[in-house]
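Participant: Residue numbers (this note's numbering): -4 to 327. Idealized CB from N, CA, C, for every residue including glycine. Here it is, the structure, as structure tokens.
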Amino acid sequence: MDMVLLLTVLIVVFAVVFDFINGFHDTANSIATAVSTKALKPRHAIMLAAIMNFVGAMAFTGVAKTITKDIVDPFTLTNGTVVILAALLAAIVWNLVTWYYGIPSSSSHALIGSIAGAAIAAAGFTALNYGGFLKILQALILSPVLAFAVGYIVYSIFKVVFKNNNLTKTNRNFRLIQIATAALQSFSHGTNDAQKAMGIITMALIVNNYQSSDDIQLWVQVICALAMALGTSVGGWRIIKTVGGKIMKIRPVNGVAADLTGAAVIFGATFIHLPVSTTHVISSSIMGVGASHRLKGVKWGTAKTMLITWLITMPISALLAGIIYLVLNLFL
């Protein structure tokens, strides 16, 4: 096996590992509210999330193409194979660290920051495709703000519509609805998150001259969808505890409002081919719902910790990827 083929295979393997880790790291995003309100038992919730993540991942490829070509140009990327390998390793390390400490950080921020950091280490700041990169940054920054605002509005509407309903009966009905909204949110998670690994693999295939377009091959789509679904089936209990209970006390009506908000914002981003952080979007939708329900009911200390993690993820991932690139470049 020649070196180019070996490195390409390594990138595919690490991309699949990243997708698997992304699955168990981000499982909490789509099912934490349903588990917290006892709408679904944990095992059933994870099975539902795994199936819907797979279906969602197979449904779209637009975000994958954005990852392939909008951060850096794979057709002109200097030492592209090592750049991609370093980016994947850095993103995996950061995901594992934040998973271990139960912090719902962003896999998207980690991967995008890592690609940028490794590319800058290889060829300087001119390596970045600034038009595409800034467009992605805008989506990553604005989507949580939008999710918070929409969550606030949706729950405000719910309060007016259901203010005279019997609380016990309303909660029971919303637990049933929440099964559907959890499935919808898991599907939306698959439509956006799994595509990031597809984009990385496609970038590697272009860099190493195994394909000449940014089309996502079917085998790439299938293995990434499977990796995401299998990772989801493992579950991320540490993060489920944070998202499901440490942001606010979630009731079925809160959960439905947050799930609908998160799914809508993620679907919107997928529709216009932009990667967003499902972690940020869903956590922010819960905060928006919580603020609408009762401002003091949101545990703002947890929110502050999450916000700090969100802010530091991209620069730390970029720095880590740059260091890993320099080390790898000495041996490859």
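(1) Tell whether a beta-carbon distance below 8 Å holds between Gly317 and Ala118.
(2) Look at the alpha carbon of Asn166 and the alpha carbon of Gly296, and state the distance between them as a whole number of angstroms.
(3) From the DSSP secondary-structure annotation, give me the bridge partner or partners of Leu123.
(4) Thinking just about the alpha-carbon of each residue, which of Gly283, Gly226, Pro247 is nearest to the one in Trp94?
(5) Using alpha carbons as the reference points, say which of Ser31, Ser151, His268 lies closest to Gly250.
(6) Quick check: the Cα distance between Leu1 and Phe326, rounded to an integer number of angstroms?
(7) How is Pro139 classed by DSSP in three states: helix, strand or coil?
(8) Whole angstroms are fine: how far does the CA of Ser279 sit from the CA of Ile148?
(9) Considering only their Cβ atoms, is the gap separating Val7 from Ile196 smaller than 8 Å?
(10) Does the distance from the C-beta atom of Met47 to that of Phe182 stay below 8 Å?
(11) Compute the Euclidean distance between the alpha carbons of His39 and Ser228, then round it to the nearest angstrom.
(12) Between the C-alpha atoms of Ser100 and Leu123, what's the straight-line distance to the nearest angstrom?
(13) For Met223, count neighbouring C-beta atoms within 10 Å of its own C-beta (all shown protein chains included) and say buried if the count is 16 or more, exposed if not.
(14) Does the Cβ of Asn160 have 16 or more other Cβ atoms within 10 Å, making it buried, or fewer, making it exposed?
(15) Could you check whether the region 85 to 94 touches the region 204 to 215, counting it as contact only if at least three pairs of C-beta atoms, one from each stretch, sit closer than 8 Å?
(16) Could you tell me if Asp(-3) is buried or exposed, where buried requires 16 or more neighbouring beta carbons within 10 angstroms of its beta carbon?
(17) Apart from the five residues on each side of it in sequence, which residues of its chain come closer than 6 Å, Cβ to Cβ, to Gly108?
(18) Beta-carbon within less than 7 Å of Leu255's beta-carbon, same chain only, minus the 5 sequence neighbours each way: which residues are those?
(19) Name the two residues that bound the continuous alpha helix (DSSP H) containing Phe266.
(20) Find out if the Cβ-Cβ distance for the pair Phe9, Thr186 is shorter than 8 Å.
(21) How big is the Cα-Cα spacing for Ala220 and Thr265?
(22) Work out the CA separation of Trp305 and Ala29 for me, nearest whole Å.
(23) Give the straight-line distance between the Cα atoms of Val78 and Tyr320, rounded to the nearest whole angstrom.
(24) Comparing alpha-carbon positions, which option in Leu35, Lys154, Leu106 lies nearest Leu132?
Facilitator: Working from what's here:
(1) no
(2) 28 Å
(3) Val67
(4) Gly226
(5) Ser31
(6) 14 Å
(7) helix
(8) 13 Å
(9) yes
(10) yes
(11) 10 Å
(12) 24 Å
(13) buried
(14) exposed
(15) no
(16) exposed
(17) Met309, Ser312, Ala313
(18) Val149, Thr176
(19) 247 to 266
(20) no
(21) 16 Å
(22) 24 Å
(23) 6 Å
(24) Leu106
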